[in-house]
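Chemist: My structure is below; once you've seen it, I'll send some questions.
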Amino acid sequence: MVGTHVDPARFAVHAASPRGFAQAYVRENVGGVPLVCVHGWPETKRVFWKVIEPLADAGFEVIVPDLRGFGDSGLGPDGFHDVASHSRDLYALVHDVLGHDRVVLLGGDLGGPVIQDLALRHPEWVDRMVLFNSPLPYLKDAMATIVGTRPPLEAADYFLRQGTDPDGLAVDLATPDQRRRYIATFYTSRFWAHPGAFTGAGEVDFHTEPFADGAKLRASFGGYESAFNAAARSEPTLLAQNDHTRTLVLFGPSDHVIYPAFDRMAAAVFGDHVGPFLLRDCGHFVPWEAPHALVSGTTMFCGDLLVGR
63 MVGTHVDPAR FAVHAASPRG FAQAYVRENV GGVPLVCVHG WPETKRVFWK
113 VIEPLADAGF EVIVPDLRGF GDSGLGPDGF HDVASHSRDL YALVHDVLGH
163 DRVVLLGGDL GGPVIQDLAL RHPEWVDRMV LFNSPLPYLK DAMATIVGTR
213 PPLEAADYFL RQGTDPDGLA VDLATPDQRR RYIATFYTSR FWAHPGAFTG
263 AGEVDFHTEP FADGAKLRAS FGGYESAFNA AARSEPTLLA QNDHTRTLVL
313 FGPSDHVIYP AFDRMAAAVF GDHVGPFLLR DCGHFVPWEA PHALVSGTTM
363 FCGDLLVGR
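Each residue of the sequence shown is one higher than the one before, starting from 63 at the first, in this note's numbering.
In structure tokens, the structure reads:
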């Protein structure tokens with residue numbers, strides 16, 4: 063029997079098109095405290111399947127979009143799939159369409175820079191953030207004495223290929239099966255996750271299925287491409303020190319792709335931070351690997367907002 067956490071139909075999926083493409087999203091417990099959960103790469107909204115229901119039960123209105131070019135969302139009509147595009151998409155969806163004037167943001171991996179950009183771009187809109195296992199700005203003076211501020215070099219091959227030869231890689235991954243097997247390595251043999259995190263029945267398949275589509279996989283490389291090619295950037299990403307947005311920092315230290323000192327670096331970036339808290343036996347995919355820690359930590363962090371919900 064397949065568990066509900068790997069059931070694609072577990073939650074109703076909605077769509078809106080404020081920026082010229084259909085952006086898919088889950089929205090549970092309308093009327094609660096708005097909590098926008100932003101996935102990374104190689105992820106879709108499905109990475110939050112274990113936490114949507116308990117977060118809604120805690121009093122949040124849980125909004126979980128697929129970024130442009132991912133999952134059930136369409137491709138960016140302007141051809142851009144960089145952080146700034148994602149940031150502007152989410153503001154248009156959550157503020158303009160759903161009508162929220164104040165939100166809590168939660169994200170990691172690619173979703174981490176997206177929510178950091180939103181907090182700097184719209185400081186009056188973002189009440190607070192929950193951040194885990196994410197790229198961060200490098201602050202030379204504040205981080206000079208921190209050891210482990212660079213990702214492991216042995217894990218960088220994918221970043222370089224996806225960023226500098228995205229079309230060639232897309233050609234090499236010519237079939238749905240090849241594309242899914244490529245994505246599966248990030249959940250298994252590349253050791254992004256803690257060992258055993260994705261060994262349950264159907265778990266890897268659940269997360270690789272949305273990447274079987276060749277156009278979607280190629281679009282998903284856009285964030286990496288924009289790191290090397292200015293023509294792939296719709297505009298500059300806002301990624302810098304932030305002392306005004308209160309931020310809960312969580313870190314799955316079994317992650318073999320993010321900075322080993324992510325927790326210390328994040329403490330330097332966010333002047334008003336809670337934590338950092340290290341999550342035992344957890345790697346890159348925090349919502350999937352440590353759902354209770356994420357839900358309970360977020361609920362406590364936002365306890366004042368949840369009173370009466």
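Backbone N, C-alpha and C define an ideal beta-carbon position, used for all residues, glycine too.
From Phe324, Pro70 and Leu129, pick the residue whose C-alpha is nearest to that of tryptophan 103; which is it?
Modeler: Translated into the one-based positions of the sequence shown, residue 103 becomes position 41. Comparing Cα positions, the closest option is Leu129.
Chemist: Rounded to the nearest angstrom, what separates tyrosine 200 and serine 79 at their Cα positions?
Modeler: Stepping through the sequence shown from its first residue, residue 200 is reached at position 138. Stepping through the sequence shown from its first residue, residue 79 is reached at position 17. If I take the Cα positions, the gap works out to 35 Å.
Chemist: For threonine 207, I'd like the list of residues in its chain whose CB is within less than 6 Å of its CB, leaving aside the five on either flank, ordered along the chain.
Modeler: For the purposes of this step, residue 207 is taken as residue 145 along the sequence shown, with counting starting at 1. Cβ neighbours of threonine 207 beyond the five flanking positions: none.
Chemist: With burial defined as no fewer than 16 other Cβ atoms inside 10 Å of the residue's Cβ, what is the status of methionine 63: buried or exposed?
Modeler: Numbered from 1 along the sequence shown, position 1 holds the residue referred to as residue 63. Residue confidence is low: methionine 63 scores 42 on pLDDT, short of 50, so the model does not pin down where it sits. No coordinate-derived value is stated.
Chemist: Are the beta-carbon atoms of leucine 180 and valine 192 separated by less than 8 Å?
Modeler: Stepping through the sequence shown from its first residue, residue 180 is reached at position 118. Stepping through the sequence shown from its first residue, residue 192 is reached at position 130. Not in contact: leucine 180 and valine 192 (Cβ atoms no closer than 8 Å).
Chemist: Counting only runs that start and end within the region 167–251, where is the alpha helix (DSSP H) found for 4 or more residues in a row?
Modeler: Segments of the alpha helix (DSSP H) lying fully in the region 167–251: 173–183, 202–205, 219–226, 228–234 and 238–249.
Chemist: Please report the straight-line C-alpha distance between glycine 314 and aspartate 343, rounded to a whole angstrom.
Modeler: Against the sequence shown, residue 314 aligns to sequence position 252. Against the sequence shown, residue 343 aligns to sequence position 281. So the two alpha carbons sit approximately 7 Å from each other.
Chemist: Report the three-state DSSP secondary structure of leucine 340 (helix, strand or coil).
Modeler: Here residue 340 refers to the residue found at position 278 when the sequence shown is read from its first residue. Of the three classes helix, strand and coil, the one that applies to leucine 340 here is strand, per DSSP.
Chemist: Among Thr247, Asp203, Glu271 and Phe73, which residue has its Cα nearest to the Cα of alanine 217?
Modeler: If you number the sequence shown from 1, residue 217 lands on position 155. With distances taken between Cα atoms, alanine 217 lies closest to Thr247.
Chemist: By Cβ distance, which residues of its chain are closer than 6 Å to valine 98, with the 5 residues on each side in sequence left out?
Modeler: As a first step, residue 98 is located in the sequence shown; it is residue number 36 there, counting from the start. So the list reads Ile125, Val156, Val165 and Leu167, once near-sequence residues are dropped.
Chemist: Would you report the Cα separation of leucine 367 and valine 95, rounded to the nearest angstrom?
Modeler: Start at 1 with the first residue of the sequence shown, and residue 367 comes out as number 305. Start at 1 with the first residue of the sequence shown, and residue 95 comes out as number 33. The straight-line gap from Cα to Cα measures roughly 7 Å.
Chemist: CA-CA distance, arginine 280 and phenylalanine 363?
Modeler: Mapped onto the sequence shown, residue 280 falls at position 218. Mapped onto the sequence shown, residue 363 falls at position 301. Looking at the two C-alpha atoms, the distance is approximately 37 Å.
Chemist: Compare the beta carbon distance of valine 336 and leucine 356 with 8 Å and say whether it is the shorter of the two.
Modeler: Numbered from 1 along the sequence shown, position 274 holds the residue referred to as residue 336. Numbered from 1 along the sequence shown, position 294 holds the residue referred to as residue 356. Not a contact, by the Cβ cut-off of 8 Å.
Chemist: Given that a residue counts as buried once 16 or more other Cβ atoms are within 10 Å of its Cβ, and exposed if not, what is threonine 261?
Modeler: Locating residue 261 in the sequence shown gives position 199, where the first residue counts as 1. The residue in question, threonine 261, is exposed, as its Cβ has fewer than 16 Cβ neighbours within 10 Å.
Chemist: Applying the 10 Å Cβ sphere with the 16-neighbour rule, what's the burial state of alanine 292?
Modeler: On the sequence shown, residue 292 is found 230 positions in, with the first residue counted as 1. Exposed, because fewer than 16 other Cβ atoms sit within 10 Å of the Cβ of alanine 292.
Chemist: Would aspartate 325 and proline 338 be called neighbours here (beta carbons separated by less than 8 Å)?
Modeler: As a first step, residue 325 is located in the sequence shown; it is residue number 263 there, counting from the start. As a first step, residue 338 is located in the sequence shown; it is residue number 276 there, counting from the start. Cβ distance < 8 Å, so aspartate 325 and proline 338 count as in contact.
Chemist: Tell me whether phenylalanine 83 sits in a helix, a strand or coil according to DSSP, three-state version.
Modeler: Here residue 83 refers to the residue found at position 21 when the sequence shown is read from its first residue. Three-state DSSP puts phenylalanine 83 in coil, outside helix and strand.
Chemist: May I ask you to report which of helix, strand or coil DSSP gives methionine 63?
Modeler: Locating residue 63 in the sequence shown gives position 1, where the first residue counts as 1. Reliability of the predicted coordinates at methionine 63 is poor, the pLDDT of 42 falling under 50, and no value is obtained from them.
Chemist: Give the straight-line distance between the Cα atoms of alanine 146 and glycine 136, rounded to the nearest whole angstrom.
Modeler: Position 84 of the sequence shown, counted from the first residue, corresponds to residue 146. Position 74 of the sequence shown, counted from the first residue, corresponds to residue 136. Roughly 17 Å separates the two Cα atoms.
Chemist: What does the alpha-carbon distance come out to for the pair leucine 198 and alanine 289?
Modeler: For this step, residue 198 is matched to residue 136 along the sequence shown. For this step, residue 289 is matched to residue 227 along the sequence shown. Approximately 13 Å between the Cα atoms of the pair.
Chemist: Tell me which residues share the same chain as serine 296 and place their Cβ nearer than 6 Å to its Cβ, disregarding the 5 neighbours each side in the sequence.
Modeler: What you label residue 296 is simply residue 234 of the sequence shown in a count that begins at 1. Hits under 6 Å: Phe142, Asp144, Ala146 and Ser147.
Chemist: Between which residues of its own chain and alanine 274 is the CB-CB distance below 7 Å, once the five residues before and five after are set aside?
Modeler: Sequence index remark: in the sequence shown, residue 274 carries index 212 (1-based). Excluding positions up to five away in sequence, the list reads Pro238, Arg241 and Arg242.
Chemist: Less than 8 Å separating the beta-carbons of proline 272 and phenylalanine 73?
Modeler: Walking along the sequence shown from the start, residue 272 turns up at place 210. Walking along the sequence shown from the start, residue 73 turns up at place 11. Cβ distance not < 8 Å, so proline 272 and phenylalanine 73 don't count as in contact.
Chemist: To which residues of the same chain is serine 282 closer than 8 Å at the C-beta, ignoring the five residues directly before and after it?
Modeler: Translated into positions along the sequence shown, residue 282 becomes position 220. Closer than 8 Å at Cβ, skipping near neighbours: Trp103, Pro104, Gly131, Phe132, His143 and Phe273.
Chemist: Taking the Cβ atom as the reference point for each residue, do glycine 82 and proline 175 lie within a distance shorter than 8 Å?
Modeler: As a first step, residue 82 must be located in the sequence shown, where it is residue number 20. As a first step, residue 175 must be located in the sequence shown, where it is residue number 113. No.
Chemist: Please classify alanine 294: is it buried, with 16 or more other beta-carbons within 10 angstroms of its beta-carbon, or exposed?
Modeler: Working through the sequence shown from its first residue, we reach residue 294 at position 232. Alanine 294 comes out buried.
Chemist: With histidine 76 as the anchor, note down where its beta strand (DSSP E) starts and where it stops.
Modeler: As a position in the sequence shown, residue 76 is number 14, starting the count at 1. Histidine 76 -> beta strand (DSSP E) spans 75–78.
Chemist: For glycine 225 versus tyrosine 321, is the C-beta distance shorter than 8 Å?
Modeler: The sequence position of residue 225 within the sequence shown is 163, counting from 1. The sequence position of residue 321 within the sequence shown is 259, counting from 1. Cβ distance not < 8 Å, so glycine 225 and tyrosine 321 don't count as in contact.
Chemist: Can you tell me whether phenylalanine 313 is helix, strand or coil according to DSSP?
Modeler: Taking the first residue of the sequence shown as position 1, residue 313 is located at position 251. In the structure shown, phenylalanine 313 sits in a strand (DSSP, three-state: E or B).
Chemist: Whole angstroms is fine: what's the gap from histidine 76's alpha carbon to asparagine 91's?
Modeler: Working through the sequence shown from its first residue, we reach residue 76 at position 14. Working through the sequence shown from its first residue, we reach residue 91 at position 29. Each residue's Cα considered, the two are about 14 Å apart.
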